[in-house]
Amino acid sequence: MLCSHGFQSALSPFMDFHWPVRSLWPEVRPLLYQQDLLRRNLQELRCSLELMHKLQHKILEETEPFQSSVAVQPVSYQLDKEGEHFGLTLDTRGFSPEELSVRQVGRKLRVSGKTEKKQEDGKG
């Protein structure tokens, strides 16, 4: 546009035909290249997410028998707060003190209990 053919031919021994020419409009090729690169990256990400979903599903299928043997029951509790202090009362019927675990994890208090029930038929 701003560079005429006569000017290009006079400088041809020193410059290649694809020598960058300044124009008023941006060059489209770099934008198309970036768009193609973005499209390929998104496709790779989509494939990776699908693979992660399949892997997660397989792991959950394999651990499902273990999870169904563990009974998770809702816990009744009472929370009392007085100023900056608070008290937490949990219903721990069915648990001995040895079967309960109380730990602080960061800013959270984790209370967990594990008990084993023996069957009456003598098998376990």
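At position 104 of the sequence shown the residue is numbered 104 (the UniProt record's numbering), and the sequence of numbers has no breaks. Note that beta-carbon positions come from the ideal geometry of N, C-alpha and C, so glycine has one too. None of the values given here were measured: they were computed from a predicted structure.
Measure the alpha-carbon distance for residue i versus residue j and round it to whole angstroms.
{"i": "Q43", "j": "I59", "result": "24 angstroms"}
{"i": "H53", "j": "C47", "result": "10 angstroms"}
{"i": "H85", "j": "L79", "result": "11 angstroms"}
{"i": "S96", "j": "V105", "result": "23 angstroms"}
{"i": "K117", "j": "T63", "result": "21 angstroms"}
{"i": "Y33", "j": "V102", "result": "57 angstroms"}
{"i": "L31", "j": "L45", "result": "21 angstroms"}
{"i": "Q56", "j": "R107", "result": "29 angstroms"}
{"i": "R29", "j": "R39", "result": "15 angstroms"}
{"i": "K81", "j": "N41", "result": "52 angstroms"}
{"i": "K36", "j": "L49", "result": "The residue asked about is misnamed: residue 36 is Asp in this sequence, not Lys. Cα to Cα, D36 sits roughly 20 angstroms from L49."}
Would the beta-carbon of residue i fall within 9 angstroms of that of residue j?
{"i": "G87", "j": "L100", "result": "no"}
Classify residue i as helix, strand or coil using the three-state DSSP reduction.
{"i": "E116", "result": "coil"}
{"i": "T63", "result": "helix"}
{"i": "E99", "result": "helix"}
{"i": "K108", "result": "strand"}
{"i": "R91", "result": "Note that residue 91 corresponds to Asp in the displayed sequence, not to Arg. Coil, per DSSP."}
{"i": "E84", "result": "coil"}
Pop quiz: residue i and residue j are said to be a contact at Cβ under 8 angstroms. What is the actual Cβ separation, rounded to whole angstroms?
{"i": "Y77", "j": "T89", "result": "6 angstroms"}
{"i": "T115", "j": "G83", "result": "Not a contact, Cβ separation roughly 36 angstroms."}
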